[in-house]
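Colleague: Quick one: this structure, given as structure tokens, is what I'll be asking you about.
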Amino acid sequence: MIETIGNNAGLVWNALNESGKMSTKELKKATKIKAEKDLYAALGWLAKEGKLVFTEEGAELYVELA
């Protein structure tokens with residue numbers, strides 16, 4: 009499980025590095041991570057490392073690299 013989370017974190021980081029700020033919906037589509045829980049686990053991994061900035065715009069959560 010830890011390896012999967014790490015791999016997904018890499019996919020998220022690469023997508024944000026290429027495209028900049030994205031919503032969680034856009035990230036899920038760009039990374040092709042199927043389960044929401046897997047996306048949020050990857051975001052948690054990167055957030056713990058201090059690599060992400062989160063902003064809320066309306067009901068949408070946006071993520072970008074720190």
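So for the sequence shown, the numbering used here puts the first residue at 9; every next one is plus one. Don't be surprised by glycine CBs; every beta carbon is placed ideally from N, CA and C. Bear in mind the structure is a predicted one, so any value in this text is a computation, not a measurement.
Taking the alpha carbon of residue 17 as the point to measure from, which residue in 55, 64, 70 has its own alpha carbon closest?
Modeller: 55
Colleague: May I have the straight-line CA-CA distance separating residue 23 from residue 35, to the nearest angstrom?
Modeller: Their backbone Cα atoms lie some 7 Å apart in a straight line.
Colleague: Is residue 30 buried or exposed, if buried means 16 or more other CB atoms sit within 10 Å of its CB?
Modeller: buried
Colleague: For residue 25, tell me which candidate among 9, 12, 61 has the shortest Cα-Cα distance.
Modeller: 61
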